[in-house]
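Undergrad:
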Amino acid sequence: MCPLFSNLFEIMIPKLDPTVIYEIVVIVFLACWFIATVLCQFRETKISWFIRYKIDLFNLIPLWTFFAPHPGKRDYHLLFRDKITETDYSEWQEMEITEERTFWSWLWNPEKRDKKILSDVVQSLVSSIPSFREKTGNLNLLMFSTPYIIVLHAVSQCKKRSQNCYRQFMLAESSGYQKETKPALILLSVFHQI
Amino acid sequence: MILFNDISQTVLFILCVGLLISTLEYLKKVEIFSPNGLLSWNVMQLKWTKQDQKSLLKPFFKLFSASGLTVLFIIRCLLIAGLFFFPLQSTTGWLLISLLGASLLVASLATYYGSDGSDQMSMLIIITLILCNLPVLSSSKLRDIGLWFIALQACLSYTVAGIAKLVSSEWRSGTAIKDVFSTKTYGSKKATLFLKKYPAANRFLCWNVIIMESIFPLCLFLPWEFALVFLIWGFIFHFFTAVIMGLNSFFWAFMATYPAIYFVNHQMSWHLF
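Protein chains in written order, with my numbering: chain A, 31 to 224; chain B, 412 to 684.
Set out below in structure tokens:
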């Protein structure tokens with residue numbers, strides 16, 4: 031190569047030793063990560079949908095809108111009952127998930143995981159209900175969604191009355207310590223053989 | 412030997428305290444991953460429907476049982492314990508944090524439901540520290556860039572949370588905090604009674620959170636003595652969300668970003684006044 035061009039290259043492009051190459055790669059990666067995070071906040075767009083559901087396998091793109099715009103104002107409850115005969119059903123039983131916290135919860139709070147799982151699952155179910163209604167006119171296909179199966183699986187593991195048991199579950203919400211609002215039904219399943 | 416005059420090391424130390432608590436909490440609740448549990452892999456694997464995803468995840472299938480994850484969480488605790496003794500910039504320290512990062516990434520596939528913003532912030536910090544402290548290849552400039560990234564992500568998180576609250580009528584009207592505190596999931600009976608007795612406190616708290624979160628990035632540009640106000644506010648805010656709402660892991664994950672904010676503030680060549 032002409033010495034002039036060679037000198038020019040050296041001036042324009044710093045010596046590409048492995049440290050510089052690595053530095054550039056990491057900077058580009060972090061910049062893309064930051065831009066992707068900004069793009070995925072607030073309203074869902076085609077780009078944010080693509081990033082979140084097609085690229086982000088490990089859930090690395092956060093959504094920083096904590097408790098906004100709609101703060102979680104409800105406690106979720108998961109109840110189930112069994113069909114004993116065609117006309118006879120067991121009492122509704124609640125799966126104990128919304129336990130009150132202890133004094134040490136500010137430091138040690140393992141119970142928060144169960145509550146968050148149920149809350150995530152219920153929110154995922156609730157948010158998918160309109161699209162199922164719109165597509166099929168009913169909620170039959172909702173039974174094949176992952177959140178529905180998670181809930182059904184959880185209730186089906188509770189003690190059965192008989193070997194061939196039919197179980198129904200109910201998702202309900204209440205307003206916790208505010209007693210003014212009555213508990214409300216979110217979803218009532220059909221009876222499933224478990 | 413660990414030296415706390417290194418900012419990245421301080422970030423890692425604070426984060427490790429939170430991760431240790433969080434991992435021990437998962438160990439306590441490991442039955443949620445058992446065949447009878449809420450996050451049983453028999454069910455959770457249905458989320459990964461595509462064939463290429465399934466083949467990618469197949470090596471981890473045995474790991475996602477309750478016993479497999481128990482082993483993973485115990486190993487994670489040992490890795491964290493090791494990080495209290497080996498500096499991040501040593502080869503051993505870097506290997507420990509890389510294995511810790513790998514364990515967090517793998518477990519995130521099984522904990523799709525139930526993880527929260529603190530888990531994401533922890534993951535973000537760990538990956539940044541791994542990339543920016545690779546022995547031999549990483550320079551001090553890259554370590555600085557890593558701290559900038561952590562500080563900017565922290566500021567972005569507060570601003571996004573603040574703006575999202577500002578556009579919410581429930582937050583502007585001052586009812587949001589009372590409503591959240593009245594749930595058994597994130598609230599407390601005492602806080603509910605207090606806010607019922609002093610309704611003005613609702614409005615004050617809502618607007619306090621909206622304003623401080625929205626303008627939080629100012630802490631990068633203000634002279635340090637003023638920037639400190641934001642960090643003290645953040646400390647109090649996260650402490651009370653831990654006490655009242657039980658969000659203990661947020662406290663450690665977000666406190667870990669504060670040394671990076673301190674670093675960026677001191678690197679700024681100019682300040683607002």
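Ideal Cβ placement from N, Cα and C applies to all residues, glycine included.
Here the structure is a predicted model, which means the values were calculated and not measured.
Would you call residue 55 of chain A buried or exposed, if buried means 16 or more other Cβ atoms sit within 10 Å of its Cβ?
TA: Looking at its Cβ environment, which holds fewer than 16 other Cβ atoms inside 10 Å, residue 55 of chain A is exposed.
Undergrad: If we call anything under 8 Å between Cβ atoms a contact, is residue 219 of chain A one with residue 182 of chain A?
TA: The answer is yes: Cβ separation under 8 Å.
Undergrad: So, is the C-beta of residue 84 of chain A closer than 8 Å to a C-beta in chain B?
TA: Closer than 8 Å: no.
Undergrad: With distance defined between alpha-carbon atoms, name the residue in B:669, B:635, B:659 nearest to residue 677 of chain B.
TA: The candidate whose alpha carbon is nearest that of residue 677 of chain B is B:635.
Undergrad: Buried or exposed, going by whether 16 or more other CB atoms sit within 10 Å of the CB of residue 34 of chain A?
TA: Note that residue 34 of chain A scores 49 on pLDDT, short of 50, meaning its location in the model is unreliable and no value can be drawn from it.
Undergrad: Taking DSSP as the reference, what is the three-state secondary structure of residue 197 of chain A?
TA: It is a strand residue.
Undergrad: Can you tell me whether residue 585 of chain B is buried or exposed, with buried defined as 16 or more other CB within 10 angstroms of its CB?
TA: Buried, because 16 or more other Cβ atoms sit within 10 Å of the Cβ of residue 585 of chain B.
Undergrad: Please specify which runs of the beta strand (DSSP E), each continuous and at least 3 residues long, are wholly inside the region 149 to 213 of chain A, giving them in chain order.
TA: Runs of the beta strand (DSSP E) inside the region 149 to 213 of chain A: 196 to 204.
Undergrad: What is the rounded straight-line gap between the Cα of residue 140 of chain A and the Cα of residue 506 of chain B?
TA: For residue 140 of chain A and residue 506 of chain B, the distance between alpha carbons rounds to 28 Å.
Undergrad: I'd like to know whether the C-beta of residue 178 of chain A is nearer than 8 Å to at least one C-beta of chain B.
TA: No, its Cβ sits nowhere closer than 8 Å to a Cβ of chain B.
Undergrad: Among residues of its own chain, excluding the 5 on either side of residue 437 of chain B, which ones have a beta-carbon nearer than 7 Å to its beta-carbon?
TA: The residues are 484.
Undergrad: To the nearest angstrom, how far is it from the Cα of residue 151 of chain A to the Cα of residue 178 of chain A?
TA: When rounded, the distance between both Cα atoms is 8 Å.
Undergrad: Taking only beta-carbon positions, decide if residue 105 of chain A is within less than 8 Å of chain B.
TA: Yes, residue 105 of chain A counts as interfacial toward chain B.
Undergrad: For residue 543 of chain B and chain A, any beta-carbon pair shorter than 8 Å?
TA: With 8 Å as the cut-off, residue 543 of chain B counts as an interface residue toward chain A.
Undergrad: Nearest-angstrom Cα distance between residue 82 of chain A and residue 457 of chain B?
TA: For residue 82 of chain A and residue 457 of chain B, the distance between alpha carbons rounds to 18 Å.
Undergrad: Tell me which same chain residues have a C-beta within less than 6 Å of the C-beta of residue 593 of chain B, skipping the five on either side of it?
TA: 603.
Undergrad: Output the residue ranges of the alpha helix (DSSP H) runs that lie fully inside the region 579 to 643 of chain B and measure 4 residues or longer, sorted by chain position.
TA: List check, alpha helix (DSSP H) in window: 580 to 583, 587 to 592, 600 to 608, 610 to 625, 629 to 632.
Undergrad: Please list the terminal residues of the continuous alpha helix (DSSP H) segment that includes residue 110 of chain A.
TA: No alpha helix (DSSP H) contains residue 110 of chain A, which is instead part of the beta strand (DSSP E) from 105 to 113.
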